[in-house]
Amino acid sequence: MFTRYAIRALLCIAAVPAISEEPAPIHGRVFLSKAEVESTLIGKPIVSSNLSTGMVSRWQFYTDGRVDFVNQSGPGKASGKWVLNADGSMCVTMISRTGCRYWFRNEKDGAIANARTREPNAPTVAEIRFE
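Going letter by letter, the sequence shown gives residues -20 to -1, 1 to 111 in mature numbering (1 follows the signal peptide of the UniProt record, and there is no 0).
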């Protein structure tokens, strides 16, 4: 009887994955190509929700390389320039600061979001919706 319970306990322990310092890979992302970023985002107003800060902002990327930003969570707006690289990363320069993001589509629901890298464990920076 004890042996049967011991075997069940060992099987349960073996079934529990080891705790890791690294986050699990994020599956279900389809990163957008340069052409897909152009057709999906450029010329369309978007509302971005930053997952770490909670800030909600409106962005407009124009075909001439200009970008406008308006903070909808508080005061603040800015204009700048955007550049789309061959690897699909978009870099935005505003107020002497440049930040780059890789855009992706969630396979599960088709939502668009971005991350700082294309690494499998890269946290999502912001999720967007179209106005």
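Positions of the beta carbon are idealized from the N, C-alpha and C atoms, including for glycine.
Thinking just about the alpha-carbon of each residue, which of S29, V47, R96 and F84 is nearest to the one in G23?
V47 is the residue among S29, V47, R96 and F84 whose C-alpha sits nearest the C-alpha of G23.
Could you tell me which residues DSSP pairs with V17 in its beta bridges?
The partner list for V17 (beta bridge, DSSP) is empty, contrary to what the question assumes.
Note down the Cα distance separating S69 from C80, rounded to an integer number of angstroms.
6 Å
Between which residues of its own chain and T(-18) is the CB-CB distance below 8 Å, once the five residues before and five after are set aside?
The predicted model places T(-18) with a pLDDT of 38, which falls under 50 and marks its position as unreliable, so this point remains unresolved.
When you compare only the Cα positions, how much space is there between L(-10) and A66?
Residue placement at L(-10) cannot be trusted, given a pLDDT of 36 that sits under 50; what the coordinates show is reported in the next sentence. Approximately 49 Å between the Cα atoms of the pair.
Taking just the CA atoms, how far does F49 sit from V105?
Approximately 16 Å, taken between the alpha carbons.
Let me know the beta strand (DSSP E) ranges lying completely inside the region 27 to 66, each 3 residues or longer, listed in chain order.
36 to 41, 46 to 51 and 57 to 64
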